[in-house]
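**Student:**
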Amino acid sequence: MQIASNAAPVTAQINLIGLSRAELAPHLLGLGIPENQVKMRAQQIWHWMYFRGVQTFSEMSNISKDLRTLFEARFTLARPEISSEQISKDGTRKWLMRFADGKEAETVFIPEDERGTLCVSSQVGCTLNCKFCHTGTQLLVRNLTPAEIVAQMMVARDALDEWQSEDRHLTNIVMMGMGEPLYNFDNVKAALHIVMDNEGLSLSRRRITLSTAGVVPMMARCGAEIGTNLAVSLHAVRDEIRDEIVPINRKYPIAELLAACRAYPGASNARRITFEYVMLKGVNDSLADARELVRIIAGIPAKINLIPFNAWPGAPYECSDWSQIEKFAEIVNRAGYASPVRTPRGRDIMAACGQLKSDSERARKSAL
Ligand code: SAH
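Structural data, given as structure tokens:
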């Protein structure tokens, strides 16, 4: 049998988003680009992709038409689809992103006067099962790839229409969406390196905060290899209570967690570790808890972010009374720690801390 000679080879297009320069190089060589031009081509592509935000190769006007046509045939710059968008009455925007395999995760943009923060997911679902967290009721579906993590910021820039703008609203990133970033370390690291790269999305590491529930063995590497600000979801000052509400504590108890914080590379008064502390009525919000908190973190350059509990359907907790939050904050503050109370944002669209969840499910073995 003769095979039609003009049949195009069936090769999937390669998505260039999320590839490091080193990963991009062989693809360019594979197109026949001479070795001594690869670096320059990679730079050109990165500039268009991450600085200008273009979505097609035809817009890359300083690259020859022939080469653009070749790129178009073999590569893509496709983003995840926005499968829904909700806008809160306070201006917070939540996007449900659908990735190439149909799995979904949420990304939230929180505009403030002086800055705009994008809350980025690292996993679809989560393994941690923190009792007060809505995402924790969803099983882990899978890790997000570097491309999917980087693309959340690119989609936000698209939606805010601010690639060309001098005055950008998206100024900060928090890795505080769905998932535990330190359980997806390699992909989060690869993604953040592109976000921080001067020729990439060019956001300073000082404007990025990674939050962990306390994956102690990865914390030193996080400081050394990623180097962003660190936030730690502490939420309780006694192991009996933390074991219950943040079950990873049974593996890495408070003393080990705080020792890792003390050793965190780069922690200083200028770069404090943020301890997140969700205020759960009658569970962790006594004034004795506040005093114990300042005792156990003594010596760590820190600030305490008190988070009023955000409810979700079926949640087994209530938020502490406002007056109690104020008294708690006062004790922490008098001990010399900044203790801002995080203003709940986007509660009306279930976009506030701990309210994120998608319908994606892990495929059952029988369905594979
Ligand atoms: N897994 C990481 C990243 C998630 S960050 C971590 O645990 O740090 C999300 C933050 O919101 C965490 O501090 C989390 O504990 C907190 N949170 C979760 N559920 C919440 C809720 N219902 N109300 C307020 N904060 C919540």
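So the mapping is simple: the numbering used here equals the position in the sequence shown, first residue as 1, plus 32.
Glycine included, each C-beta is placed from N, C-alpha and C at the ideal position.
(1) In terms of residues, what are the limits of the alpha helix (DSSP H) holding Leu-338?
(2) Would you check if the distance between the CB atom of Gln-386 and the CB atom of Asn-342 is smaller than 8 angstroms?
(3) Give me, in chain order, the residues of the same chain whose beta-carbon lies closer than 8 angstroms to that of Gln-76; leave out the 5 immediate sequence neighbours on both sides.
(4) Count the CB pairs spanning the segment 365-375 and the segment 100-112 that are closer than 8 angstroms, and state whether there are at least three.
(5) Just checking, does the segment 170-177 make contact with the segment 115-122 on the three C-beta pairs under 8 angstroms criterion?
(6) With DSSP as the reference, label Glu-55 as helix, strand or coil.
(7) Cβ of Phe-164 within 7 angstroms of any heavy atom in the ligand SAH?
(8) Helix, strand or coil for Ser-120 per DSSP?
(9) Tell me whether the beta-carbon of Ala-223 lies closer than 8 angstroms to the beta-carbon of Leu-202.
(10) Any chance the CB of Pro-213 is under 7 angstroms from a heavy atom of the ligand SAH?
(11) If you reduce the DSSP assignment to three classes, tell me which class Cys-293 lands in.
(12) For Thr-375, verify whether its CB is less than 7 angstroms away from any heavy atom of the ligand SAH.
(13) Express the C-alpha separation of Gly-331 and Lys-359 in angstroms, rounding to a whole number.
(14) Starting from the C-beta of Thr-124, find all residues in its chain whose C-beta is less than 6 angstroms away, skip the five residues before and the five after it, and write them out in chain order.
(15) Helix, strand or coil: which one does DSSP assign to Ile-49?
**Tutor:** This is what the structure holds:
(1) Working through the sequence shown from its first residue, we reach residue 338 at position 306. Looking at the DSSP string, Leu-338 is not in any alpha helix (DSSP H); the run it does join, the beta strand (DSSP E), is 334-340.
(2) For this step, residue 386 is matched to residue 354 along the sequence shown. For this step, residue 342 is matched to residue 310 along the sequence shown. Just to set this straight, residue 386 is Gly in the shown sequence, not Gln. Between Gly-386 and Asn-342, the C-beta gap is smaller than 8 angstroms, which places the two residues in contact.
(3) Start at 1 with the first residue of the sequence shown, and residue 76 comes out as number 44. In its chain, beyond the 5 residues on either side, Met-92, Asn-94 and Ile-95 have a beta carbon closer than 8 angstroms to the beta carbon of Gln-76.
(4) Contact fails: fewer than three Cβ-Cβ distances are below 8 angstroms.
(5) As far as the Cβ criterion goes, the segment 170-177 does not touch the segment 115-122, which means the pair count is below three.
(6) Walking along the sequence shown from the start, residue 55 turns up at place 23. Of the three classes helix, strand and coil, the one that applies to Glu-55 here is helix, per DSSP.
(7) For the purposes of this step, residue 164 is identified with residue 132 of the sequence shown, where counting begins at 1. It does: the Cβ of Phe-164 is within 7 angstroms (strictly closer) of some heavy atom of the ligand SAH.
(8) In the sequence shown, the residue the question calls residue 120 occupies position 88. In the displayed model, Ser-120 falls within coil according to three-state DSSP, outside both helix and strand.
(9) Taking the first residue of the sequence shown as 1, we reach residue 223 at position 191. Taking the first residue of the sequence shown as 1, we reach residue 202 at position 170. Taking 8 angstroms as the Cβ cut-off, Ala-223 and Leu-202 do not qualify as a contacting pair.
(10) The count along the sequence shown starts at 1 and reaches residue 213 at position 181. Flag set: Cβ of Pro-213 near the ligand SAH.
(11) Position 261 of the sequence shown, counting from 1, holds the residue named residue 293. Cys-293 carries a helical assignment under DSSP once its states are collapsed to helix, strand and coil.
(12) Residue mapping note: residue 375 aligns to position 343 of the sequence shown, counting from 1. No, the Cβ of Thr-375 stays beyond 7 angstroms of every heavy atom of the ligand SAH.
(13) On the sequence shown, residue 359 is found 327 positions in, with the first residue counted as 1. On the sequence shown, residue 331 is found 299 positions in, with the first residue counted as 1. Our two residues, Lys-359 and Gly-331, have alpha carbons roughly 23 angstroms apart in a direct line.
(14) Here residue 124 corresponds to residue number 92 of the sequence shown, with the count starting at 1. Cβ contact annotation for Thr-124 (same chain, cutoff 6 angstroms, sequence separation greater than five): Ile-142, Arg-377, Gly-378 and Ala-383, in chain order.
(15) Within the sequence shown, residue 49 is the residue found at index 17, counting from 1. Coil.
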